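Residue numbers (the numbering used here): 420 to 596. Even glycine gets a Cβ: it sits at the ideal position worked out from N, Cα and C. Remember, it's a predicted structure, so these values are computed and weren't measured experimentally. Read through the structure below, which is laid out as structure tokens, and then see the notes.
What follows is the structure, encoded as structure tokens:
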């Protein structure tokens with residue numbers, strides 16, 4: 420499932436090394452309820468947005484864990500997760516296959532962030548406005564959802580080869596704790 424005619428497309432919503440990319444879906448905004456989604460865990464079991472209900476959720480959307488910037492980003496968030504409370508759940512979501520995610524997390528020593536795959540339906544990417552049409556990958560973004568189920572923070576990183584603002588995301592989490 421990729422791009423249906425009902426989906427909004429934003430030409431130039433992101434770039435790759437300066438080249439414009441089209442994002443499919445509507446980018447979420449702070450204050451709105453977090454959209455529902457279903458993705459897969461590393462064992463191919465479905466994980467829904469309900470899993471994060473009542474917790475502070477940090478969704479780290481990346482194009483692929485097997486790229487240098489994504490690798491660095493997830494490792495930095497993994498290190499930061501050690502200082503966050505038990506009420507904060509971090510998940511990295513990509514279109515990578517669950518098996519590739521498990522392999523990468525094992526070799527990278529990432530244990531504080533759950534890796535989730537959106538490869539099957541791109542449900543998360545479409546619901547949050549992060550599907551890169553030309554590549555069928557997720558755009559780089561950090562989204563924080565409060566215990567109330569509302570979006571508290573959104574950073575879409577316009578150039579997918581750049582890192583997000585880690586401190587701004589962690590400050591958003593700190594305001595919710």
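Pairing residue 432 with residue 588, the inter-Cα distance amounts to about 20 Å. If you draw a 10 Å sphere on the C-beta of residue 492, you find 16 or more other C-beta atoms in it, and that means buried. The three-state reading of DSSP puts residue 469 in helix, counting H, G and I together.
Cβ-Cβ distances below 7 Å link residue 504 to 596 in the same chain, with the five nearest sequence neighbours on each side left out; the list follows chain order.
Closest in C-alpha terms to residue 594, from the list 497, 507, 488 and 461, comes 507. Cβ-Cβ distances below 8 Å link residue 441 to 428, 429, 430, 431, 432, 551, 552 and 553 in the same chain, with the five nearest sequence neighbours on each side left out; the list follows chain order. Your pair residue 459 and residue 539 checks out as a contact, with CB atoms roughly 6 Å apart and the cut at 8 Å.
Burial state of residue 485 is exposed, judged by a 10 Å Cβ sphere holding fewer than 16 other Cβ atoms. In the structure shown, residue 464 adopts coil according to DSSP, grouped into three states.
Residue 470 has its alpha-carbon roughly 23 Å from the corresponding atom of residue 495. For residue 478, the beta-bridge partners assigned by DSSP are 510 and 562.
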